[in-house]
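**Q**
Protein chains: 2
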Amino acid sequence: MASDGSQTEGYLQIGEAAAKADVTQRTLRYYEEKGLLKPPTRMDGGFRLYSPEDMERVQRIKELRDLLGFSLADIKEMIEAEDVKEQIRTQWRRDADVSEKAVEIRRAREVTLHQIALIDEKMARMAEMRRQLDGRKQKYDSWLTANTSAEAGERDPGG
Amino acid sequence: MASDGSQTEGYLQIGEAAAKADVTQRTLRYYEEKGLLKPPTRMDGGFRLYSPEDMERVQRIKELRDLLGFSLADIKEMIEAEDVKEQIRTQWRRDADVSEKAVEIRRAREVTLHQIALIDEKMARMAEMRRQLDGRKQKYDSWLTANTSAEAGERDPGG
DNA sequence: GCGGACATTGACGTGCGCGTCAAGGTAAAT
DNA sequence: ATTTACCTTGACGCGCACGTCAATGTCCGC
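Protein chains in written order, with the numbering used here: chain S, 778 to 936; chain P, 778 to 936.
1) Is the region 888-905 of chain S touching the region 831-845 of chain S in the sense that three or more CB pairs, one from each, lie closer than 8 Å?
2) Within 8 Å of any Cβ in chain S, is that where the Cβ of residue 843/P sits?
3) Looking at the secondary structure, which residues open and close the beta strand (DSSP E) in which residue 827/S lies?
4) Let me know the secondary structure DSSP gives residue 931/P once reduced to three states.
5) For the alpha helix (DSSP H) containing residue 903/P, list its first residue and its last residue.
6) Going by Cα to Cα distance, which pick from 881/S, 794/S, 890/S is closest to residue 909/P?
7) Since residue 853/S meets chain P, which of its residues come closer than 7 Å, beta carbon to beta carbon?
8) Does the region 826-841 of chain P come close enough to the region 794-803 of chain P that 3 or more CB-CB pairs lie under 8 Å?
9) In this structure, how does DSSP classify residue 804/P when only helix, strand and coil are distinguished?
10) Starting from the beta carbon of residue 807/P, find every residue of chain S whose beta carbon is closer than 8 Å, and list them in chain order.
11) Please name the residue, chosen from 798/S, 812/S, 790/S, 853/S, that lies closest to residue 819/S on a Cα-to-Cα basis.
12) Should residue 856/S be flagged as near chain P, meaning a C-beta pair shorter than 8 Å?
13) So residue 786/S is in the alpha helix (DSSP H); what residue range does that whole segment cover?
14) Anything in chain P within Cβ reach of residue 885/S, meaning under 7 Å, just list it in chain order.
15) I want to see whether chain S comes within less than 8 Å of residue 889/P, judged by CB atoms only; does it?
16) Is the Cβ of residue 846/P closer than 8 Å to any Cβ of chain S?
17) Could you say which of 876/S, 895/S, 893/S, 860/S lies nearest to residue 925/P if we only look at CA atoms?
18) Should residue 751/S and residue 841/S be called a contact, given that it needs their Cβ atoms to be closer than 8 Å?
19) For residue 918/S, which option in 882/P, 911/P, 915/P, 912/P has the closest C-alpha, if you only look at C-alpha atoms?
20) Residue 888/S and residue 859/S: beta carbons closer than 8 Å?
21) How many angstroms separate the CA atom of residue 912/S from the CA atom of residue 920/S?
22) Between 801/S, 923/S, 885/S, 906/S, which lies nearest to residue 853/S when the distance is taken from Cα to Cα?
23) For a cutoff of 8 Å on Cβ pairs, would you count residue 832/P as touching chain S?
24) Can you pull out the residues from the region 891-909 of chain P whose beta carbon lies closer than 8 Å to at least one beta carbon of chain S?
25) For residue 840/S, return the contacting residues in chain P, with the cut-off set at a CB-CB distance below 8 Å.
26) List, in chain order, every chain P residue whose beta-carbon is nearer than 7 Å to that of residue 879/S.
27) Can you check whether the C-beta of residue 882/S is within less than 8 Å of a C-beta belonging to chain P?
28) Let's test the definition: count the other Cβ atoms within 10 Å of the Cβ of residue 825/S and tell me whether it reaches 16, buried, or not, exposed.
29) Classify residue 831/S: buried if its beta carbon has 16 or more other beta carbons within 10 angstroms, exposed otherwise.
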C-alpha cells in the first residue's frame, strides 16, 4: 500500500490525521505552532503521531472557528481554560490546593457560559434570518406559480 | 453642532451611516468598491448620501458575514441575485420577457434555498455544540458543589 | 468669506490564516 | 541498499478585509 498504515495504536501521522480531520498538514503544524494543539507525540525519527484526543481537539477548534467564527487567538484561550479541567480530572491525587483548582474550574465555567451565551445569541439571530429567508422564498414561489403556471402561455390583462 | 445633521430626507452621510451601522467609513467605501453596495447618491460636492435601503443592505451584508461567515465575494453574488428581484418588483411595466425574469427569480430562489440549507446545517451543529457545552457546565457545577460546598473544608477519603 | 468639522480619493500598511516552495531526513517494503 | 512515499523545519508569499496615513476638497454656521 502507498498509504500510511503505521500507527502504533490508533495514532495517526500527520498525513492521515489531516485527511481525517479535513484540514491540511500545514494547518495542523500551524495550530501546534500557535499553541492550539499541544505538541503531539513523535516517532523516533521525529514524525508526529496524533492521538485520538488530539483529533478531537482539532474538531473542537474547527467548530469554534467555523461555527462561532472565533479567531485562533480566542480559541487558544478558550481551550486553555478548558484544558485545566482535563488535567484536573486525570491527575489530581493530591488535593491540597482545592481552592486553587476551584478558581480555574470557575474560569473554565465562565468561558463555557460565555460560549453558551454566544451560541444562543447567534442561534436567535440565525432563526430570525431563517424566517426572513422563508418569507423570501415564499415570495419567489408565489411569483413563479403566478407567472409560470404551466408553459409559456402569457395573457395580458390590461389593454 | 459639530455632528452632521444635514440629511435631505432620512439620508445619512458616511459618518453617521457608519456609526449607525456599526462599521467604519472605510468599510462602507470598501463594500462599495467591491460592488457589495451600489454607489450611493451624492451631494453636489461629492459627499456620499446613504438611503435607508442602503443601510438595510449593510445590515444584510453584516449578517451574512458575521452569522454565516461568508466571504465578501460570496456575499456579493448572493445579494446580486437577490437584487434582481428588487428590480423586478419595482420597475416591471413591460412583461414581454416573463420567462427571462423567471430564470432570474429561480436563480434567486436557489440562492435563498442554499442559504436556508446552510443556516439549518449550522444551527443543527450549533445545537449539538450547545448540548456539549451544557454537559460541560453541569460537570463544572457538580464539581464545584461537591468540592466547595461551603468554605474550605476538605476531608480526605482514602488513607 | 472664513474656520473647523466632515468628506474625498489614492495608496501603502497590516494581521490573520494559512499556501507553497526548498532542502533535506525518515519509514518501510523490496 | 536502494527506492519511494511520507515526513521535517524554515522561510517567503498571498488573499482577504480592512486600517491608516496624506493631500485635498466640501459644507455650513457665524
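Cβ atoms here follow ideal geometry from the backbone N, Cα and C, with glycine treated the same way.
**A** Put simply:
1) yes
2) yes
3) 825-827
4) Here the model assigns residue 931/P a pLDDT of 43, short of 50, so the residue's position is not dependable and the matter cannot be decided.
5) 875-924
6) 890/S
7) In chain order: nothing, as chain P lies at least about 18 Å away.
8) yes
9) helix
10) Chain S residues near residue 807/P: none, gap ~19 Å exceeds 8 Å.
11) 790/S
12) no
13) Taken as a continuous stretch (DSSP letters only), residue 786/S belongs to no alpha helix (DSSP H), as it is neither H nor E.
14) 917
15) yes
16) yes
17) 876/S
18) Within the shown structure, residues of chain S are numbered from 778 to 936, placing residue 751/S beyond reach of any answer.
19) 882/P
20) yes
21) 12 Å
22) 885/S
23) no
24) 892, 893, 896, 897, 899, 900, 902, 903, 904, 906, 907
25) 902, 906
26) 921, 924, 925
27) yes
28) buried
29) buried
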